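Here the sequence shown stands for residues 29 to 244, where the numbers follow our numbering. As structure tokens, the structure follows; a few thoughts come after it.
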Amino acid sequence: MGPVTGTQPTGTMILRRKREGSHWEQMYANQDVETMPWYHAGLDPDFAAALERYGIDGGEALDLCTGPGTQAMALAERGFSVTGTDIAAAAVEKACIRARAAGVEVTFQQNDILASRLEGSFDVVFDRGCFHLFPAGKRREYVPAVARLIKSGGYLLIKCFSYLETRPEGPYRIAPNEVESLFGSGFEILAIRHTTFGGHNEKPPPKALFCVLRKH
Ligand SMILES: C[S@@+](CC[C@H](N)C(=O)[O-])C[C@H]1O[C@@H](n2cnc3c(N)ncnc32)[C@H](O)[C@@H]1O
29 MGPVTGTQPT
39 GTMILRRKRE
49 GSHWEQMYAN
59 QDVETMPWYH
69 AGLDPDFAAA
79 LERYGIDGGE
89 ALDLCTGPGT
99 QAMALAERGF
109 SVTGTDIAAA
119 AVEKACIRAR
129 AAGVEVTFQQ
139 NDILASRLEG
149 SFDVVFDRGC
159 FHLFPAGKRR
169 EYVPAVARLI
179 KSGGYLLIKC
189 FSYLETRPEG
199 PYRIAPNEVE
209 SLFGSGFEIL
219 AIRHTTFGGH
229 NEKPPPKALF
239 CVLRKH
């Protein structure tokens, strides 16, 4: 797969893999994205605050599990050159249509982050709700897979379910010491903060960790 430049026409979509009958594929094919529990219309406030705090105000951005594409679009509106990827081709297709309708330029591309063929080198990578989907062994594979996509000095922002969340359903739970041990050698850990997933309809909102990592 060739480089992703973010300079293609509005809503350009590159589908590299044929559709799979996966859980995610089925969900995005059959459900209105606005009814999905993680749907958040604007930029997640934790991401917005981190951009402000660390002075990240432009460059090449990757939204690595873009889903409905809301975060990718919000970043593009802030002046980032954005690539949004997702394992589900149906998600990418819907995000592309939504971006085009909104007149926002984002390059969308189907991609599995654990078998990634992306060649970009990004200033900042956003992960809102992907890292915590993987079991422990796959979380270890995630680290080099994502690290190779980030420029030296670039940022990785991860929002994931916290070990403090007690509801039985949902993704894996992540503790700060796991983040430190997995990312500590390749990244400077700037912050691991307790927060919640505000886009969810569930009350109370799920407890989350928000992690700001800077690649050595
Ligand atoms: C909880 S949703 C979050 C979507 C989006 N980031 C948001 O906040 O609206 C998780 C997303 O991860 C995607 N996903 C799951 N496994 C993935 C993988 N291996 N690579 C890339 N995306 C993946 C799913 O299709 C889904 O869209």
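All C-beta atoms in this analysis are idealised placements derived from N, C-alpha and C, irrespective of residue type, glycine included. What you are looking at is a predicted structure, and each value in this text was computed from that prediction instead of being measured.
Checklist entry - Hey, Phe-215 and Leu-177: beta-carbon distance below 7 Å or not? => result No.
Checklist entry - To the nearest angstrom, how far is it from the Cα of Thr-63 to the Cα of Leu-92? => result Each residue's CA atom was taken as its position, placing Thr-63 and Leu-92 some 21 Å apart.
Next on the checklist: Within the continuous beta strand (DSSP E) that includes Gln-99, where are the two ends?
Outcome noted: Run containing Gln-99: none in the beta strand (DSSP E); it sits in the alpha helix (DSSP H), 98-105.
Checklist entry - Among all the DSSP beta bridges, which residues are the ones paired with Ile-217? => result In DSSP, Ile-217 forms a bridge with Leu-241.
Next on the checklist: Quick check: does the Cβ of Leu-146 come within less than 6 Å of any heavy atom belonging to ligand 1?
Outcome noted: Outside the cutoff, so no.
Checklist entry - Which stretch, first to last residue, makes up the alpha helix (DSSP H) that contains Ala-89? => result No alpha helix (DSSP H) holds Ala-89; the beta strand (DSSP E) holding it covers 88-91.
Item to check | Given Ile-115 as reference, the closest of Gln-137, Arg-128, Lys-231 once Cα atoms are compared | outcome: For the residues Gln-137, Arg-128, Lys-231, the minimum Cα distance to Ile-115 belongs to Gln-137.
Next on the checklist: Below 6 Å, is the gap between the Cβ of Ala-247 and the nearest heavy atom of ligand 1?
Outcome noted: Outside the shown range of the chain (29 to 244) lies residue 247, about which nothing can therefore be said.
Checklist entry - Short check: CB of Thr-223 to CB of Ala-203, under 7 Å? => result The answer is no: Cβ separation not under 7 Å.
Item to check | Secondary structure of Asp-151, DSSP reduced to three states | outcome: Collapsing the DSSP output to three states places Asp-151 in a strand.
Item to check | Same chain, Cβ closer than 7 Å to Tyr-170, neighbours up to 5 away in sequence not counted | outcome: If the five residues before and after Tyr-170 are omitted, its C-beta is found closer than 7 Å to the C-beta atoms of Ile-141, Leu-142, Phe-159, Phe-162, all from its own chain and listed in chain order.
Checklist entry - Helix, strand or coil: how does DSSP classify Gly-49 here? => result Any answer about Gly-49 is weak, because its pLDDT of 44 lies below 50 and its placement is not dependable; what the coordinates show is given next. Coil at Gly-49, not helix or strand.
Next on the checklist: Can you tell me where the alpha helix (DSSP H) holding Ile-125 begins and where it ends?
Outcome noted: Start and end: 117-130.
Next on the checklist: Starting from Val-110, trace the beta strand (DSSP E) in both directions and tell me its first and last residue.
Outcome noted: Note, Val-110: beta strand (DSSP E), 109-114.
Next on the checklist: In this structure, how does DSSP classify His-222 when only helix, strand and coil are distinguished?
Outcome noted: Looking at His-222 - three-state DSSP - the assignment turns out to be strand.
Checklist entry - Out of curiosity, what's the CA-to-CA distance linking Trp-102 and Cys-124? => result First, the amino acid is wrong: residue 102 is Ala here, not Trp. Their backbone Cα atoms lie some 14 Å apart in a straight line.
Checklist entry - Just curious, the beta strand (DSSP E) that Lys-231 is in, first and last residue? => result Careful: Lys-231 lies outside any beta strand (DSSP E) and carries neither H nor E.
Checklist entry - With respect to the alpha helix (DSSP H) encompassing Ser-209, which residues constitute its N-terminal and C-terminal limits? => result Per DSSP, Ser-209 belongs to the alpha helix (DSSP H) from 204-211.
Checklist entry - Would DSSP call Leu-248 helix, strand or coil? => result Limits of the chain in this structure are 29 at one end and 244 at the other, which puts residue 248 out of reach.
Next on the checklist: Just list the residues that DSSP pairs Arg-156 with in beta bridges.
Outcome noted: Arg-156 has Lys-187 as its beta-bridge partners, per DSSP.
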